[in-house]
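Participant: I am attaching a structure below and will ask some questions about it afterwards.
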Ligand SMILES: [Ca+2]
Ligand SMILES: [Ca+2]
């Protein structure tokens, strides 16, 4: 009898794993967007200034990416390295961080939160008041750099919590 119950519990446990894993992976993102931990990301094909890039993301119902954890940055770095196996050195992707208001105080502009997790490329940020927008710098394995907001770069858009929004379906 005891054995039966234990096997029953084990069986339920296995079912739980089977149900949970596909559900976690089942984050639904639009075509051309990639999901990771509850967000959908779009890696642009075209280039734009930082402000234009933010406007394009907004038109797509998103914002420039706000990277909050090491895991999130690791995911994006890995996606970008995969896409740019042969041309990463020339690639820069705008993200939402900026120090436009107070020099060297980096904030995610969509929430005005201070950027808490950072992985700056060696020597970055290095350009003071000339460079106030944050990008993922291919030459440095897509770590952070500050650059002139008027440069035309690729960009990463992010929809956070798409299942709470209009995205599914
Ligand atoms: Ca600056
Ligand atoms: Ca810089």
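Residue numbers (mature numbering (1 follows the signal peptide of the UniProt record, and there is no 0)): -26 to -1, 1 to 143.
Even for Gly, the Cβ is constructed at its ideal location relative to N, Cα and C.
These numbers were taken from a predicted model, which means no experiment stands behind them.
Quick one: measure Cβ to Cβ for residue 128 and residue 65, integer angstroms, because I've assumed they're closer than 8 Å.
Facilitator: The pair is a contact, with the Cβ atoms about 6 Å apart (cut-off 8 Å).
Participant: Let me check one thing: in DSSP terms, what residues is residue 130 bridge-paired to?
Facilitator: The partner list for residue 130 (beta bridge, DSSP) reads 17.
Participant: Taking the straight line between their C-alpha atoms, what separation do you get for residue -3 and residue 11?
Facilitator: With a pLDDT of 48 at residue -3, under the threshold of 50, the predicted position of this residue should be treated as unreliable, though the coordinate-derived value follows. So the two alpha carbons sit approximately 8 Å from each other.
Participant: Do the CB positions of residue 109 and residue 119 come within less than 8 Å of each other?
Facilitator: Yes, Cβ-Cβ distance for residue 109 and residue 119 is below 8 Å.
Participant: Going by C-alpha to C-alpha distance, which of 90, 125 and 50 sits closest to residue 17?
Facilitator: If we check each option's Cα against that of residue 17, 50 comes out closest.
Participant: Helix, strand or coil for residue 63, going by three-state DSSP, please let me know.
Facilitator: Of the three classes helix, strand and coil, the one that applies to residue 63 here is helix, per DSSP.
Participant: Go ahead and pull the three-state DSSP assignment for residue 104.
Facilitator: Residue 104: helix per DSSP, three-state reduction.
Participant: Which residue marks the beginning of the beta strand (DSSP E) containing residue 55, and which one marks its end?
Facilitator: No beta strand (DSSP E) contains residue 55, which is instead part of the alpha helix (DSSP H) from 44 to 57.
Participant: When you measure from the CB of residue 119 to every non-hydrogen atom of ligand 2, does any distance come out below 7 Å?
Facilitator: Yes.
Participant: Less than 8 Å between the beta carbons of residue 95 and residue 68, yes or no?
Facilitator: No; because the gap between Cβ atoms is not below 8 Å, this pair is not in contact.
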